[in-house]
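Asker: First the structure, then my questions, so here it is.
In structure tokens form, the structure reads like this:
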């Protein structure tokens, strides 16, 4: 419906191929993965400190995703401290984005399984690096 599209400033101006991806009606998107790519660049390549990262879904159906990322001036610690993002989704999924430094994926998987009875499921690499389903 064209009236639904009017809320977007320029729906037809999305980059091709699209950078921001979403799928289905459970809030699945690649915003966390893209955020971690930006964080890795800003901290590891530019030397800036990650100060804040938060996100929310807006709109009547939660179909508009907003992400806030705040960085501070360069620091030597940024070149040694890896980052990882864990998204807890209301649809019952846990999505992990970032590098598997020091086998952190295995540690997270064990903890999610013990504490939340989560089971690892196949992750689409276009959307996240690691994915779990909570029972």
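Residue numbers (the working numbering): 1 to 135.
For each residue, glycine too, the CB sits at the ideal point set by N, CA and C.
Among the residues of its own chain, which have a CB less than 7 Å from the CB of residue 65, if the five just before and after it don't count?
Answerer: Translated into positions along the chain shown, residue 65 becomes position 65. Contacts found: 29, 31, 55 and 57.
Asker: Looking only at DSSP bridge pairs, what is residue 56 linked to?
Answerer: As a first step, residue 56 is located in the chain shown; it is residue number 56 there, counting from the start. DSSP, once it has assigned bridges, lists 66 as partnering residue 56.
Asker: Exposed or buried, which one is residue 118 when buried takes at least 16 other CB atoms within 10 Å?
Answerer: Position 118 of the chain shown, counted from the first residue, corresponds to residue 118. Its Cβ being crowded by 16 or more others within 10 Å, residue 118 is buried.
Asker: Report back the beta-carbon spacing between residue 89 and residue 47 to the nearest angstrom; my notes put them in contact at under 8 Å.
Answerer: Taking the first residue of the chain shown as position 1, residue 89 is located at position 89. Taking the first residue of the chain shown as position 1, residue 47 is located at position 47. Contact doesn't hold; Cβ gap of about 32 Å is too wide.
Asker: In whole angstroms, what separates the C-alpha of residue 131 from that of residue 42?
Answerer: Position 131 of the chain shown, counted from the first residue, corresponds to residue 131. Position 42 of the chain shown, counted from the first residue, corresponds to residue 42. Their backbone Cα atoms lie some 25 Å apart in a straight line.
Asker: Could you check which residue in 49, 93, 95 and 107 has the C-alpha nearest to that of residue 70?
Answerer: Translated into the one-based positions of the chain shown, residue 70 becomes position 70. Looking at the Cα atoms, 49 is the closest of the given residues.
Asker: What separation, rounded to the nearest whole angstrom, lies between the Cα atoms of residue 74 and residue 61?
Answerer: On the chain shown, residue 74 is found 74 positions in, with the first residue counted as 1. On the chain shown, residue 61 is found 61 positions in, with the first residue counted as 1. Residue 74 and residue 61: Cα-Cα distance of roughly 39 Å.
Asker: Could you check what DSSP says for residue 110 in three-state terms: helix, strand or coil?
Answerer: If you number the chain shown from 1, residue 110 lands on position 110. In the structure shown, residue 110 sits in a helix (DSSP, three-state: H, G or I).
Asker: In this structure, how does DSSP classify residue 135 when only helix, strand and coil are distinguished?
Answerer: Position 135 of the chain shown holds residue 135. Residue 135: coil per DSSP, three-state reduction.
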